[in-house]
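Student: In this note's numbering, the protein residues as written are 87 to 422.
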């Protein structure tokens, strides 16, 4: 199978490339990664796998380059996106460019291709397109109500993909993962930032009262879902939520990490909340479970233990990435 992995040097993208190469060697999959090497991209995410994939340093909005690459591809998995909600508040334009214009470009190339019917597009969206689910749980038919420029761009891309499936019969599937965590996650995110700051005995910022609830899914479970959909599902125009059963408050996440590291809860510092901060996400993933028999294998207790252990053992990976901006306590105020 010939895979084109966009955003393959990012967090979930690189974990998926590793998952594919380490678990399915016998398939002899050909993997091409397209990544424009922006914030969050890191060639070291794939250290040890050199020579097992082709890397193209390019923007998915570059139609000439993408057209040549897509000509001979069987499956496109689109991870390429700007993902940090805080940065989308201080500087929305890159989020529109990557999360919507880039997707539109891929859709247009597929539409114009003579091999249109042979190409499968799996688009990695987000549960944040549903907005704040304070008193609700969202299945795939739940109304979209994005709260940030990041999630608005992702929701717009989802709607474009659905329209291209219906109008042009493009073979596309949308996955909406909940909050992922695990290995190789850029240090600006809550869990790696907390681990790194705790290891350095620095204050750990929590927005507001820290009672925001997130549905945490270990990245390996998400990779498994993506792989199974790529192999088993030919029902195009479908959307699948991908989530665990673990809804945990941010403050409890931080306390759990501090306990695993034998650090004092006095390191927690409550800071000004960001604008439009959703209080709760909770999606229902029964559809993917029934469709392809996918179930998460890692609960939060196990996943966070593995994650903390990995960051403790891999300072070589995260230390070059940290700076004042990345570890800022209110990054939504910082101009990137």
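Even glycine gets a Cβ: it sits at the ideal position worked out from N, Cα and C.
(1) Pair every Cβ in the segment 311-323 with every Cβ in the segment 349-361, then say whether three or more of these pairs are closer than 8 Å.
(2) Which residue spans inside the segment 275-336 form an unbroken alpha helix (DSSP H) run of at least 4?
(3) Who pairs with residue 136 in a beta bridge, going by DSSP?
(4) For residue 329 versus residue 377, is the C-beta distance shorter than 7 Å?
(5) Name the two residues that bound the continuous beta strand (DSSP E) containing residue 89.
(6) According to DSSP, which residues form a beta bridge with residue 164?
(7) Tell me the DSSP bridge mates of residue 258?
(8) Just to confirm before moving on: does the CB-CB distance between residue 272 and residue 126 stay below 7 Å?
(9) Helix, strand or coil for residue 401, going by three-state DSSP, please let me know.
(10) Could you please give the first and the last residue of the uninterrupted beta strand (DSSP E) stretch that includes residue 356?
(11) Alpha carbons only, please: which of 412, 217 and 244 is nearest the one belonging to residue 290?
(12) What do you reckon, are the CB atoms on residue 345 and residue 297 nearer than 7 Å?
(13) Rounded to the nearest angstrom, how far is the Cβ of residue 205 from that of residue 257, given a contact under 8 Å?
(14) Tell me whether residue 267 sits in a helix, a strand or coil according to DSSP, three-state version.
(15) Helix, strand or coil for residue 142, going by three-state DSSP, please let me know.
(16) What do you reckon, are the CB atoms on residue 360 and residue 172 nearer than 7 Å?
(17) Name the residue from 326, 210 and 199 whose alpha carbon lies nearest to the alpha carbon of residue 157.
(18) When you compare the CB of residue 338 with every CB in chain D, is at least one pair closer than 7 Å?
(19) Tell me the DSSP bridge mates of residue 426?
(20) Just verifying my parser: in three-state terms, what is the DSSP assignment at residue 416?
(21) Does DSSP classify residue 224 as helix, strand or coil?
(22) From residue 113 to residue 161, what does the alpha carbon distance come to, in whole angstroms?
(23) Can you tell me which of the three DSSP states residue 369 falls into?
(24) By the DSSP assignment, the alpha helix (DSSP H) with residue 109 in it spans what residues?
(25) Our contact map puts residue 132 next to residue 142 with C-beta atoms below 8 Å; I'd like the distance itself, whole angstroms only.
(26) At the level of alpha carbons, what is the spacing between residue 347 and residue 103?
(27) In this structure, does DSSP put residue 200 in helix, strand or coil?
(28) Just the C-alpha distance for residue 380 and residue 386, rounded to the nearest angstrom, thanks.
(29) Under 6 Å: does the beta carbon of residue 405 sit that close to some heavy atom of the ligand FMN?
Tutor: On the basis of the data shown:
(1) no
(2) 276-285 and 305-318
(3) As a first step, residue 136 is located in the chain shown; it is residue number 50 there, counting from the start. For residue 136, which the question treats as bridged, DSSP gives no partner whatsoever.
(4) As a position in the chain shown, residue 329 is number 243, starting the count at 1. As a position in the chain shown, residue 377 is number 291, starting the count at 1. It is not a contact, given that the beta carbons lie outside the stated cut-off.
(5) For the purposes of this step, residue 89 is taken as residue 3 along the chain shown, with counting starting at 1. Its beta strand (DSSP E) spans residues 88-92.
(6) Locating residue 164 in the chain shown gives position 78, counting from the first residue. Note: residue 164 sits in a beta bridge opposite 92 and 209.
(7) Translated into positions along the chain shown, residue 258 becomes position 172. DSSP output for residue 258 lists 207 as bridge partner(s).
(8) Position 186 of the chain shown, counted from the start, is the residue given in the question as residue 272. Position 40 of the chain shown, counted from the start, is the residue given in the question as residue 126. Yes, the Cβ-Cβ distance between residue 272 and residue 126 is below 7 Å.
(9) Against the chain shown, residue 401 aligns to sequence position 315. Looking at residue 401 - three-state DSSP - the assignment turns out to be helix.
(10) As a working mapping, residue 356 is identified with position 270 in the chain shown. Run containing residue 356: 354-357, per the beta strand (DSSP E) assignment.
(11) Counting from 1 along the chain shown, the entry for residue 290 is found at position 204. Ranking 412, 217 and 244 by Cα distance to residue 290 puts 412 first.
(12) The residue given as residue 345 occupies position 259 in the chain shown. The residue given as residue 297 occupies position 211 in the chain shown. No. Outside cutoff.
(13) Within the chain shown, residue 205 is the residue found at index 119, counting from 1. Within the chain shown, residue 257 is the residue found at index 171, counting from 1. So it is a contact: roughly 6 Å between Cβ atoms.
(14) In the chain shown, the residue the question calls residue 267 occupies position 181. Correct three-state label for residue 267: strand.
(15) The sequence position of residue 142 within the chain shown is 56, counting from 1. Strand at residue 142.
(16) Within the chain shown, numbered from 1, the residue matching residue 360 stands at position 274. Within the chain shown, numbered from 1, the residue matching residue 172 stands at position 86. Cβ distance < 7 Å, so residue 360 and residue 172 count as in contact.
(17) Along the chain shown, one-based indexing puts residue 157 at 71. Of the listed residues, the one whose Cα sits closest to residue 157 is 199.
(18) Structure shown: chain D not included; a single protein chain is present.
(19) Residue 426 lies beyond the stretch modelled for the chain, which goes from 87 to 422, so this question has no answer here.
(20) Indexing the chain shown from 1 puts residue 416 at position 330. In this structure, residue 416 counts as coil in the three-state DSSP scheme.
(21) Taking the first residue of the chain shown as 1, we reach residue 224 at position 138. Correct three-state label for residue 224: strand.
(22) By 1-based counting over the chain shown, the position of residue 113 is 27. By 1-based counting over the chain shown, the position of residue 161 is 75. Straight-line Cα distance between these residues: approximately 14 Å.
(23) Start at 1 with the first residue of the chain shown, and residue 369 comes out as number 283. Residue state, collapsed to three classes: strand.
(24) Here residue 109 is taken as the residue at index 23 of the chain shown, counted from 1. Looking at the DSSP string, the run of the alpha helix (DSSP H) that includes residue 109 is 97-109.
(25) Counting from one through the chain shown, the residue named residue 132 turns up at place 46. Counting from one through the chain shown, the residue named residue 142 turns up at place 56. Rounded, the Cβ-Cβ distance is 14 Å, inconsistent with contact.
(26) For the purposes of this step, residue 347 is identified with residue 261 of the chain shown, where counting begins at 1. For the purposes of this step, residue 103 is identified with residue 17 of the chain shown, where counting begins at 1. Using only the alpha carbons, I get a separation of about 30 Å.
(27) Numbered from its first residue, the chain shown carries residue 200 at position 114. Three-state result, residue 200: coil.
(28) Reading the chain shown from its first residue, position 294 is the one you call residue 380. Reading the chain shown from its first residue, position 300 is the one you call residue 386. C-alpha separation (whole angstroms): 17 Å.
(29) Ligands in the displayed structure: none, and consequently the ligand FMN is not present.
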